[in-house]
Structures are given as C-alpha cells and as structure tokens.
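S.K.: In the UniProt record's numbering, the protein residues as written are 1 to 237.
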C-alpha cells in the first residue's frame, strides 16, 4: 500500500491523495512504474515521496542518455567491441536481477541495475550485447522506454517476446586476487596478482616486495611456500 506523504492512508478527507493521472502526465508511466517498484518490498506500506519520483525520472533519463545522443541516435560508444571492463558487473547484474525479479524483490533488482548504469558511464566501450541484455531487464519495469531503446539498438520487432538474458558464471570470478605474504609466519605485506598466477612469478613478486625486504635483507631465505590465490610464507634464518 502506498501511503500519503504524511505516512497516513490516502483519503480525500485528509487531502493527501496522489492522482496517478497527474503523475503520468508530468513524468510518464515508466517513471511511475519504476518508482512504485523501487519504493520498497512489494507487500510493505510505503509513503509517497516527490523526491523519490524525481529520482526515478532522473535515473531513466540517465539510462537513455547512456546509449542515445541528443539527436536520438545510438552513441558511438555502443559497439560490437568488448574490452572486458563491464564483463563482471554485467553478469553480476543479470544474475542478481533475475533472482530478485523472480522472487518479487523489485526494489533490490532495480538497485543492482543502478549500479550497472553507474559503472557503464565510466566505461569507454558499451558492448551492444550488454546494452541489449540490460534493456531486456528494463522492459518489465519501464516497458515504453525499453521498446524505444530496443528499436534504436537496431531491432524491428517488439522486445516483449525476447528471451531473458543469461549470465556467464566464469565472468563472475575476480580476475585478480589479494594474497597474504608472511615472513616466518607473520603477515608483512599483501600482493595483488592474477588469479592462478604461476608460483614462480608469485615468489618473485613476494621476494621483491619492499615491505617484505625489510624483514629478509641480510638474512638467508631458507624456504618459500606458495599457496596460489591465498598465501606466501617466507622462512628466513
């Protein structure tokens, strides 16, 4: 239930009724849908907020401007080229939104979509496959803008019957890991290395780490134990 701005049930006698026709006329139907789904758990009582409806409108505008320029053309950033920078966040978003929408947690799913849009603005390239996938996720909550974006992405038919996007579990894994470096069992530094990096390369990085060298200089390194993706222990004597 949506309450009035005074947290009370809407009624004409209290003068706190919000006319949805007025909201649609001012902001559009998509903004109203997104706002209502983003307000909180679908079964909770939530007070109406003018600031909240403005926020939903602003976010949809950001989604549009991410892909479309001032001449209503697709931006050059939307391309078939993929530099990999959005791989993880896109696949995370598909996974999270799919689960949240299935369980009617629309507010949580929309939050994740907002995270994706923020990251996309920082990217140089916007892989068209990711933009198409995002628009498919947008469709249930903002069907009108989603249809327009779908057309501008080069499609003739409606987005309504398109398959829901899927995610690649392999793209959810961090490309880099942080490893602990110990000297005689005490933590002396940390290394950021590629996941599953070669043991010899990890040992070399650990030996040359300036923080580690404070405890190894002038001493004999008797053994180096490397457990990939986790820890390096240097034994000196």
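Beta carbons: idealized from backbone N, C-alpha and C, even for Gly.
1. With DSSP run on the structure shown, which of helix, strand or coil describes residue 143?
2. Can you grab the Cα-Cα spacing for the pair residue 134 / residue 55, in whole Å?
3. Using only the alpha-carbon positions, how far apart do residue 4 and residue 50 sit?
4. With 16 other CB atoms within 10 Å as the buried threshold, where does residue 38 fall?
5. So which of 126, 157 and 98 has the shortest CA-CA distance to residue 137?
6. Count the other C-beta atoms from every protein chain shown that fall within 10 angstroms of the C-beta of residue 35, then say buried if there are 16 or more, exposed otherwise.
7. Please classify residue 58: is it buried, with 16 or more other beta-carbons within 10 angstroms of its beta-carbon, or exposed?
8. Is it buried or exposed for residue 206, if we count other Cβ within 10 angstroms and need 16 for buried?
9. Taking 8 Å as the threshold, find out whether the segment 156-173 comes into contact with the segment 70-78 through three or more Cβ pairs.
10. At a cut-off of 7 Å, would you count residue 149 as near the ligand MG, judging by its Cβ distance to the nearest heavy atom?
11. Who does residue 54 pair with in a DSSP beta bridge?
12. Leaving aside the five residues before and after residue 146 along the sequence, list all residues of the same chain whose C-beta is less than 7 Å from its C-beta, in chain order.
13. Ignore the nearest five residues each way along the sequence and tell me which others in residue 223's own chain have a CB closer than 7 Å to its CB.
14. What does a CB cutoff of less than 6 Å around residue 95 pick up in its chain, not counting 5 residues either side in sequence?
15. Helix or strand or just coil, what does DSSP make of residue 127?
16. Have a look at the DSSP bridge pairing and note the partners of residue 213.
17. Which residue wins for smallest C-alpha separation from residue 180, given the options 220, 165 and 202?
18. Please state whether DSSP places residue 62 in a helix, a strand or coil.
19. If I measure Cβ to Cβ from residue 211 and keep anything under 7 Å in the same chain, skipping five residues before and after, which residues do I get?
20. Pull up the CB-CB distance for residue 233 and residue 182, whole angstroms please, since I reckon it's below 8 Å.
21. Nearest to residue 118 by alpha carbon, out of 177, 60, 27 and 225?
22. Under three-state DSSP, which class holds residue 183?
23. If I follow the unbroken alpha helix (DSSP H) through residue 115, where does it start and stop?
M.R.: Walking through what the data contain:
1. Judged by DSSP in its simplified three-state form, residue 143 adopts helix.
2. Approximately 19 Å between the Cα atoms of the pair.
3. Caution applies to residue 4, whose pLDDT of 47 falls short of 50 and renders its modelled position unreliable; the model cannot decide the point.
4. Classified as buried, residue 38 has 16 or more neighbouring CB atoms from the shown chains inside 10 Å of its CB.
5. Out of 126, 157 and 98, 98 has the C-alpha closest to the C-alpha of residue 137.
6. So residue 35 counts as buried.
7. Around the beta-carbon of residue 58, fewer than 16 other beta-carbon atoms lie within 10 Å, marking it exposed.
8. Flag for residue 206 reads buried.
9. Note that the segment 156-173 does not touch the segment 70-78; fewer than 3 beta-carbon pairs, one per stretch, sit closer than 8 Å.
10. In terms of ligand content, the structure shown is empty, and the ligand MG therefore cannot be addressed.
11. According to DSSP, residue 54 bridges with nothing at all.
12. Taken in chain order, the residues that qualify are 135, 138, 139 and 159.
13. So the qualifying residues of the chain are 235.
14. The beta carbon of residue 95 sits closer than 6 Å to the beta carbons of 167 from its chain, once the five residues preceding and following it are set aside; these are given in chain order.
15. Note: residue 127 maps to strand in three-state DSSP.
16. In DSSP, residue 213 forms no bridge with anything.
17. Ranking 220, 165 and 202 by Cα distance to residue 180 puts 202 first.
18. Three-state result, residue 62: helix.
19. Excluding positions up to five away in sequence, the list reads 188 and 189.
20. The Cβ separation is near 5 Å, so the contact holds.
21. Nearest option by C-alpha distance: 60.
22. Of the three classes helix, strand and coil, the one that applies to residue 183 here is strand, per DSSP.
23. Note, residue 115: alpha helix (DSSP H), 106-122.
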